[in-house]
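FYI, in full-length UniProt numbering the residues of the sequence shown are 1 to 305.
Glycine residues also receive a C-beta, built at the ideal position from the N, C-alpha and C atoms.
This structure is a prediction, so every number in the text was calculated from the model and none was measured.
Each remark here refers to the structure printed beneath this line.
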Amino acid sequence: MGNKNVMGTNQAPHGVNIFLQQQALKTIDKFIVHARWGQDVSLPQNEGDTMKWIRWSALLAQTVPLTEGEDPNPILATRNDLTVKLEEFGAWMKLTSKLLMTGLKQTQAQLTERLAKQMALTIDTLCRDVISGTSSTTTASNGSGTATLPNKTDIDIITKTLFSAGIETVTNQVAAGTGQGTSPQLPAYIGIAHTEAMIRLQNVSGFLSIKNYGPNAVPLPMEWGQTGMVRWILTNNGFTSGSNYYAPIIGMDAFGNVKLKAGDNPLVQTPGTSPLKRWSTVGWSKWYAAKVLQDLAIHSLIHTV
């Protein structure tokens, strides 16, 4: 028996049978939130499926004076190899000729849009799971061991940890404007928070809403505001575990996104692929991998809402 997963008139009713609002309901989900903050690298085609970065350990200060007439011993740098293997992801739909010939014109466009959003969500989820799995975490607990609501004390502890480790901020300092109620902004790391936490973040001491940014500040996509040295980006695809929410705070060059050059098929449409042209297909495929490059540059705040 053949595969039953075929998009026909049963799954997408058309105007012959019932009235269908031509503008299908659309989600307002915003995608590609996590992956936006990584290094983008393309692996050349026909050059294997594994990407490797080389990370050199920092060199210590040399505080011993040189002996007159003698050179010091040469020093060695410690190399760390970071590798990740590309994998292919994808999905497709099978559309019957009856659906395409008798259904509303928007049906195929709407299904194609859904597939495009699925592709974006897939990549963002893969990246989210990698960066949220970092070993560096701080529980929003004001010193206790049980997760509580996000608070200024624990956010400041994380930013101090990142800054003390020499991790560069992602955004620069922005001066206040001449408008009433605007405030200057510190150089900042990027924090990615679940939309369920938006009000809790707003209630954190010292929170600066984007409406109070100066005229020289450009809000980032899906930005909610800033707390100290963290600019908060919202997503409904944030990482959770039980009642705990993970909000990764990210510095410069924290992780990498790897793609295959010329290897992606963002959207593939194959009209009339059956012998009698009674069905067509639409789908996507994409090669992707994410890799944490600096463990110290990602630190997750575990909190409740």
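- Here the alpha carbons of Thr270 and Lys277 stand approximately 10 Å from one another.
- Rounded to the nearest whole angstrom, the C-alpha separation of Gly166 and Leu59 is 13 Å.
- Leu82 and Lys52 have their C-alpha atoms spaced approximately 5 Å apart.
- Beta-bridge pairing by DSSP links Phe239 to Tyr246.
- Between the alpha carbons of Val170 and Phe239 lies a gap of roughly 21 Å.
- The Cβ atoms of Ala290 and Lys85 lie no closer than 8 Å to each other.
- One thing to note: Thr112 has its Cβ no nearer than 8 Å to the Cβ of Val230.
- Assignment of Ser57 by DSSP, reduced to helix, strand and coil, places it in the coil class.
- In the DSSP secondary-structure assignment, Met93 is bridged to Val282.
- Taking the CA atoms as reference points, Gln39 sits about 15 Å from Leu126.
- Counting the other CB atoms within 10 Å of its CB gives Arg128 a total of 16 or more, which places it among the buried residues.
- Per the C-alpha coordinates, the member of Leu115, Gln226 and Gln45 positioned closest to Lys152 is Gln226.
- Note on Ile190: 16 or more other CB atoms within 10 angstroms of its CB, so buried under the neighbour-count rule.
- With distances taken between CA atoms, Asn237 lies nearest to Ala193 out of Ser205, Ala193 and Gln294.
- Residue pairing for Ser300: DSSP places it in a beta bridge opposite Thr137 and Pro248.
- Excluding residues up to 5 positions away in sequence, Ile167, Gly251 and Ala254 lie with their Cβ nearer than 6 Å to the Cβ of Ala297 in the same chain.
- Leu82 carries a strand assignment under DSSP once its states are collapsed to helix, strand and coil.
- With a beta-carbon spacing of about 6 Å, Thr159 and Gly228 fall inside the 8 Å limit used to define contacts.
- By the CB criterion at 8 Å, Gly256 and Leu293 fall inside the cutoff.
- When DSSP reads this structure, Asp40 sits in a beta bridge with Asn257.
- Excluding its 5 nearest sequence neighbours in each direction, Asn80 has C-beta neighbours in its own chain below 6 Å: Arg55, listed in chain order.
- By the Cβ neighbour-count rule, Ser241 is exposed, with fewer than 16 other Cβ atoms within 10 Å of its own.
- A direct Cα-to-Cα measurement between Thr122 and Trp287 gives close to 11 Å.
- Secondary structure note for Ala193: its beta strand (DSSP E) is the uninterrupted segment Tyr189 to His194.
- Shown here for Thr195: same chain residues with a beta carbon closer than 7 Å to its own, the five before and five after excluded, namely Leu234, Thr235 and Asn236 in chain order.
- The beta carbon of Leu100 lies closer than 7 Å to those of Gln108 and Ser280 in the same chain, with the five residues before and after it left out.
- Ile302 sits buried, since 16 or more C-beta atoms from the chains shown fall within 10 Å of its C-beta.
- Under the three-state reduction of DSSP, Thr125 is assigned to helix.
- Here Ser274 carries a coil assignment [DSSP, helix/strand/coil].
- In the DSSP assignment, Thr227 falls within the beta strand (DSSP E) that extends over Glu223 to Thr227.
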